[in-house]
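Residue numbers (UniProt numbering): 1 to 205.
Written out as structure tokens, the structure reads:
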């Protein structure tokens, strides 16, 4: 009898292969033909598991999002306030090898999202989740007297969200704004008007 193939396992294998090729050879090389060749199958067989290549990219983005949130949970741990915020941003901003590679995939996803409503909806869900997390951490920072009471939490959260999106694009384009230290300077600049002495220590730590 032919071996039964678990469809979800096969889908995950295809997505991971796509990400592996993108990491190793660049996004332009991560084509459906390259994925099929790496897996040792025909290109047409991929479409038994996906509706098209946009679906593969979409699944890759969701996998990156899941990985990012797993790292955030692990790194934030018992931290709170600004220390937790910095730990969270470290797993999202393209300031390390892994997050730089992810930014390239994410930027490619955004390029497709403008013409694919379902991709845009998922991006909105991603942004809403991170927006809530950042808002909660800023409120914790106020309660811990790391930020002054008059900090405009909603507006500051919006600015940090725009910074997250913008810096991933800057990384993908390899602009002068993309070096990690410059990104952290921008984060500190956004926070600095509202920091207390305790907050300054938390951001520097």
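By construction, the Cβ of each residue, glycine as well, lies at the ideal position given by its N, Cα and C atoms.
Exposed or buried, which one is residue i when buried takes at least 16 other CB atoms within 10 Å?
| i | result |
| --- | --- |
| residue 193 | exposed |
| residue 179 | exposed |
| residue 187 | buried |
| residue 164 | buried |
| residue 204 | exposed |
| residue 176 | exposed |
| residue 22 | buried |
| residue 154 | exposed |
| residue 121 | exposed |
| residue 249 | Nothing about residue 249 can be read from this structure; the chain reaches only from 1 to 205. |
| residue 60 | buried |
| residue 113 | buried |
| residue 148 | exposed |
Relative to the C-alpha of residue i, which residue among the options is closest?
| i | options | result |
| --- | --- | --- |
| residue 55 | 40, 71 and 31 | 31 |
| residue 52 | 70, 76 and 15 | 15 |
| residue 102 | 182, 198 and 167 | 167 |
| residue 174 | 144, 107, 64 and 22 | 107 |
| residue 129 | 93, 22, 43 and 161 | 161 |
| residue 191 | 177, 157 and 18 | 157 |
| residue 91 | 60, 68 and 134 | 68 |
| residue 198 | 153, 115 and 83 | 83 |
| residue 64 | 89, 98, 181 and 144 | 98 |
| residue 39 | 13, 50, 150 and 29 | 13 |
| residue 159 | 131, 143 and 118 | 131 |
| residue 24 | 100, 66, 119 and 184 | 100 |
What do you reckon, are the CB atoms on residue i and residue j nearer than 8 Å?
| i | j | result |
| --- | --- | --- |
| residue 202 | residue 140 | no |
| residue 137 | residue 81 | yes |
| residue 109 | residue 57 | yes |
| residue 171 | residue 94 | yes |
Name the DSSP bridge partner or partners of residue i?
| i | result |
| --- | --- |
| residue 63 | None; residue 63 has no bridge partner. |
| residue 211 | This structure leaves residue 211 out entirely; the chain is present only between 1 and 205. |
| residue 147 | 195 |
Thinking residue i and residue j are a contact (beta carbons under 8 Å), I'd like their distance in whole angstroms, please.
| i | j | result |
| --- | --- | --- |
| residue 17 | residue 33 | Wrong, their Cβ atoms sit about 12 Å apart, outside the cutoff. |
| residue 104 | residue 27 | 6 Å |
| residue 195 | residue 134 | Contact doesn't hold; Cβ gap of about 16 Å is too wide. |
| residue 49 | residue 20 | Actually they are not in contact, since the Cβ atoms of residue 49 and residue 20 sit about 17 Å apart, beyond 8 Å. |
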